[in-house]
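Structure first, commentary second.
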Amino acid sequence: MKRIEHTKPHAEAPVAAVDASSCDQAEQAAIVDAIDEANPAGPLAPEADAARDAAEAKIARMGTENTFKLLLEFSIPALAGVAVQMLYNIIDAVFVGHAVGANGLAATTVANPFMMAMVAIAMLVGVGGNALCAIRLGEARKGEAERVMGNSFTLLLAASFLIWAITALALEPILRLTGADDVIMPYAVDFVVVLVAACPLQSIAFGMNNFIRTAGHPNRALGSMLIGTACNVVLGYLFIVVFQWGMRGAGLATALSWLVSAVFVMEFFLRKGSPMPLRRRNLAVSWRIGLKVVVLGIAPAVTELGFAVSAALENNLLSFYGAADPLGVDGALAVMRVLASVGMITFMPSMGIATGVQPLIGYNYGAKNYARMKRALFQAIGLGAAISTPLWLSVIFFPNAYAGLFGLPQEYMAETGWALILYLMFTPVLAIPIIGSNYFDATGQAVKATVLTLTRQILFLIPLLIVCPQVLPSFTPLTPVESVWFAPSISDLTSTIVVGAFLLVEFRRLRKLERQAGV
Numbered sequence: 136m137k138r139i140e141h142t143k144p145h146a147e148a149p150v151a152a153v154d155a156s157s158c159d160q161a162e163q164a165a166i167v168d169a170i171d172e173a174n175p176a177g178p179l180a181p182e183a184d185a186a187r188d189a190a191e192a193k194i195a196r197m198g199t200e201n202t203f204k205l206l207l208e209f210s211i212p213a214l215a216g217v218a219v220q221m222l223y224n225i226i227d228a229v230f231v232g233h234a235v236g237a238n239g240l241a242a243t244t245v246a247n248p249f250m251m252a253m254v255a256i257a258m259l260v261g262v263g264g265n266a267l268c269a270i271r272l273g274e275a276r277k278g279e280a281e282r283v284m285g286n287s288f289t290l291l292l293a294a295s296f297l298i299w300a301i302t303a304l305a306l307e308p309i310l311r312l313t314g315a316d317d318v319i320m321p322y323a324v325d326f327v328v329v330l331v332a333a334c335p336l337q338s339i340a341f342g343m344n345n346f347i348r349t350a351g352h353p354n355r356a357l358g359s360m361l362i363g364t365a366c367n368v369v370l371g372y373l374f375i376v377v378f379q380w381g382m383r384g385a386g387l388a389t390a391l392s393w394l395v396s397a398v399f400v401m402e403f404f405l406r407k408g409s410p411m412p413l414r415r416r417n418l419a420v421s422w423r424i425g426l427k428v429v430v431l432g433i434a435p436a437v438t439e440l441g442f443a444v445s446a447a448l449e450n451n452l453l454s455f456y457g458a459a460d461p462l463g464v465d466g467a468l469a470v471m472r473v474l475a476s477v478g479m480i481t482f483m484p485s486m487g488i489a490t491g492v493q494p495l496i497g498y499n500y501g502a503k504n505y506a507r508m509k510r511a512l513f514q515a516i517g518l519g520a521a522i523s524t525p526l527w528l529s530v531i532f533f534p535n536a537y538a539g540l541f542g543l544p545q546e547y548m549a550e551t552g553w554a555l556i557l558y559l560m561f562t563p564v565l566a567i568p569i570i571g572s573n574y575f576d577a578t579g580q581a582v583k584a585t586v587l588t589l590t591r592q593i594l595f596l597i598p599l600l601i602v603c604p605q606v607l608p609s610f611t612p613l614t615p616v617e618s619v620w621f622a623p624s625i626s627d628l629t630s631t632i633v634v635g636a637f638l639l640v641e642f643r644r645l646r647k648l649e650r651q652a653g654v
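If you're matching positions, the sequence shown starts at 136 in this note's numbering and goes up one per residue.
Encoded structure:
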C-alpha cells in the first residue's frame, strides 16, 4: 500500500479531498484513517493539535525512554490492577467466610472454576487484542491498532452472550462437575447467577481496560480498577455483613462494582480527543483481525481455562479424599478457598509485571529493537522475583495469620497453615514461567506461548493432581488431601525449567536476527 502523506490543517483550512475511486478496500480504509487522524472532528484548533501530539508521544516513548523507568511506570499500575482483580475474589471470600460460614466458602470454591472459564473467554479477546494492538502501534500503524481495538470490543460482547447461553442451558450440571454437592449447590447458584448476568460489564471493565494501558495511560487504567474495588469493598460489607443478603449479596456487590469500572473505562475511549478513540466503523468485525486476536489470546485464555479445569479436578479430588479425612468434604473445600486466595496474593506481582511489560515488549519487537526488548524482559523477571519472595516468606513464617483472615473454624486452622506451605512451596521461581510465557504472547508467537501455558496448567498439573495422592502417601507423611495441595508446587517447578529452556532458544534466534541486521 502506498504511504499517504498529509499535513495538519490550520483552523480555517479543511482537509483536502482524496480521490479513492481507484483504491482497493484496504487503501480506502487507510485514507479514511489518515483523514480522521488529521481532522477527527472538523477543523482542529492548535490546542487540539498539541493534545494529539502529546498523546502520540506517550506511545512513541516506549521505544526511547529508559526501560526500567518505563517498566516501573507501567508495572506499578498493572500490579495494582491485578491486585484489584484479586481483591474482587478475596474480599468476597473474607466477608462470606465471616458472615455465611464454611458452606459459603465452599460454595465460592466450587463456583470458582466456572468463573475462571468465564474470564478465559473474555481473555481470549481482551488480551489477544491488546497484544496485537501494541504490535501495530510499534509498527507505526495506529489506524490498524484502532481497528483491532474496535473489533475486540465487539468480540468481547459476543463472548458475553455466549456465556449467557451456556449458563442458561447447563449451570447446575457445570457446578456439579466442579464439586458442588446438595448442601453447597444452593449457595453456589445464588452467587453465580448474579455474576453471569453482569458478565458484559466484566468484559468491558477488564478486557477494554488493557487498551488504556497500551495507549500510554497506565495510571488511568489503574484508576478504573481502584474505583471498582472500592465499590466492591463498601457494597460487599453492606450487602453481606450488614444486610445479611448472603451469596446473592456477594454477587450483587461485585456486579455493581463492574458497572462502575465499565463506565470509567468507556469514558476514556468515547471522550473527545481520546488518544485511542473507539470509532463506530471499527466495531464491524473483520474476520482477518478477529482471527489474529483470537490466536494471540489463546495462550492467556488457555492459562485461565487451565486454572478452571485444574480447579475443578482439585475440587472433585478433595471431595473424594476429604470424605475419609478428618476435615471432611466441606472442610477440605473451604481450606482450598483459602489456598487459592492466598495464592493469588503471592502470584500477583509476577502477573501484574507480565501485564505491565507486555506493551513494552510488543512495541519494541514490532520496531525490531531486540536488545531493548530483552532488557525489559530481564528487568521484569528480576522485579517479579524481588517482590514475590518477601510475600512468600511472610506466608511460610506466618501461615496462620493468613488463614485467620477468612473466618475458618478453629479446628481447620492448623491444617490450613500446613496446606499453605505445601501449596506455595516454589513461589519465588514463578516469575520465570509467568513472565517468560507472556513474552512469547507479546511478540506474536502464539503457538509457543500456548504450549508453555499448557505445560504448567494442564500437561503437568493435571497428571500430578491424579498421581500425587495415590503415590506420595506411600513414602511421605502426606495424606491424600495434602498430596493434592502439594501437586501445584511440583508443577510450578517443572514448568519453570521448561520455560527457561524455551527462552534460551529464543535468545539464540534473536542474536541471529541482530547479526543479520548488523546490530
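Even for Gly, the Cβ is constructed at its ideal location relative to N, Cα and C.
- Runs of the beta strand (DSSP E) lying entirely within the region 434 to 503, each at least 3 residues long, are absent.
- Rounded to the nearest angstrom, the Cβ distance from PRO568 to ALA520 is 12 Å, too far for a contact under 8 Å.
- Shown here, HIS233 sits in a helix according to DSSP, grouped into three states.
- Taking a contact to require three or more Cβ pairs closer than 8 Å, the region 632 to 643 and the region 569 to 576 qualify as touching.
- Between the alpha carbons of LEU557 and PHE288 lies a distance of about 41 Å.
- Excluding the 5 residues flanking it on each side, LEU405 has same chain C-beta neighbours closer than 7 Å at LEU413, in chain order.
- Put simply, the backbone Cα of VAL235 is about 9 Å away from that of TRP380.
- For the pair HIS233 and GLY539, the CB atoms are not nearer than the 8 Å cut-off.
- Taken atom to atom, the span from the alpha-carbon of THR199 to that of PHE513 is near 18 Å.
- Using a Cβ-Cβ distance cut-off of 8 Å, the region 491 to 502 and the region 580 to 596 are not in contact, since fewer than three pairs of beta carbons, one from each stretch, lie closer than that value.
- Rounded to the nearest angstrom, the gap between the Cα atoms of ILE433 and ARG643 is 25 Å.
- With contacts defined as CB atoms closer than 8 Å, PHE249 and VAL327 qualify as a contacting pair.
- Counting only the Cα atoms, VAL437 lies some 33 Å from PHE533.
- Ranked by Cα distance from ASN238, the options GLU279, LEU357, TYR322 are led by TYR322.
- Distances from the CA of LEU440 to each of LEU207, LEU312, LEU259 were compared; the closest alpha carbon is that of LEU259.
- Spatial neighbours of ILE309 in its own chain (CB-CB distance under 7 Å, excluding positions within 5 residues in sequence) are listed in chain order as PHE249.
- Each of LEU431, GLY552, ALA581, CYS334 was checked against the Cα of THR389, and the nearest Cα belongs to CYS334.
- Rounded to whole angstroms, the Cβ separation of PHE341 and ALA257 is 7 Å, and the two are in contact under 8 Å.
- For the 8 Å CB-CB criterion, GLN493 and ALA215 do not form a contact.
- Shown here for SER295: same chain residues with a beta carbon closer than 6 Å to its own, the five before and five after excluded, namely CYS334, PRO335, SER338 in chain order.
- Look at ILE319 here: in three-state DSSP terms it is coil, with no helix or strand label.
- Ranking VAL231, GLN651, PRO604 by CA distance to the CA of PHE374 puts VAL231 first.
- By the beta-carbon neighbour count (other beta carbons within 10 angstroms, threshold 16), TRP393 is buried.
- DSSP, reduced to helix, strand and coil, places VAL564 within a helical segment of the structure shown.
- Per DSSP, ALA419 lies in no alpha helix (DSSP H) segment and is marked neither H nor E.
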